[in-house]
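S.K.: Just so you know, the protein sequences line up as chains A and U, in that order.
If you want this note's numbering, it's the position in the first sequence, counting the first as 1, plus 10.
If you want this note's numbering, it's the position in the second sequence, counting the first as 1, plus 10.
A virtual CB, placed ideally from N, CA and C, is assigned to each residue, including glycine.
It should be emphasised that the depicted structure is a prediction, and the values quoted were computed from it without experimental measurement.
Protein chains: 2
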Amino acid sequence: MCEANAYMVKNGEETLLMESVDLVEPEVDGTFRLVGIFGDQITIKGKIKRMNLVDHRILFEA
Amino acid sequence: MCEANAYMVKNGEETLLMESVDLVEPEVDGTFRLVGIFGDQITIKGKIKRMNLVDHRILFEA
Chain A
11 MCEANAYMVK
21 NGEETLLMES
31 VDLVEPEVDG
41 TFRLVGIFGD
51 QITIKGKIKR
61 MNLVDHRILF
71 EA
Chain U
11 MCEANAYMVK
21 NGEETLLMES
31 VDLVEPEVDG
41 TFRLVGIFGD
51 QITIKGKIKR
61 MNLVDHRILF
71 EA
């Protein structure tokens, strides 16, 4: 499986937002909807800083 | 390997932009830099429409 973990980066520190993210979708209000492989969902306020797919990492920043 | 393929979606049709994308990084000018697993790079004008990591798909739209 090729899901990734999503982190928020603040002052150089990473906080795990969600594990096993399958779907990332921007919403009209500027947030991102993240859906996990089990259907769990969260909404992220922030923007994408970097995605490393081979490392399974999605980094957001405020 | 968990790289993905990147597509541009226009009028409901998908055009392959790049295979085996590892890194996706927004640039200051609003474009996205995509780096493949072999180090090849392209720059995309557009925004992210959706990412399906389990399906290895990143969709951009103009």
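Quick check on DSSP: helix, strand or coil for asparagine 15 of chain A?
M.R.: strand
S.K.: So, with DSSP's three-state summary, where would you put lysine 59 of chain U?
M.R.: strand
S.K.: Run through DSSP, which three-state label would valine 38 of chain A get?
M.R.: coil
S.K.: Please classify alanine 72 of chain A as buried or exposed, where buried requires at least 16 neighbouring CB atoms within 10 angstroms.
M.R.: exposed
S.K.: Alpha carbon to alpha carbon, how far is threonine 41 of chain U from glycine 56 of chain U? Give it in angstroms, no decimals.
M.R.: Linking glycine 56 of chain U to threonine 41 of chain U through their CA atoms gives a straight-line distance of about 6 Å.
S.K.: Is it buried or exposed, phenylalanine 48 of chain A, if we count other Cβ atoms within 10 angstroms and call 16 or more buried?
M.R.: exposed
S.K.: With a cut-off of 8 Å on the beta carbons, I'd call leucine 27 of chain A and isoleucine 54 of chain A a contact; round off their distance for me.
M.R.: Yes, leucine 27 of chain A and isoleucine 54 of chain A are in contact; Cβ-Cβ is about 6 Å, under 8 Å.
S.K.: State the Cα-Cα distance for the pair glutamate 35 of chain A and isoleucine 52 of chain U, rounded to the nearest angstrom.
M.R.: 22 Å
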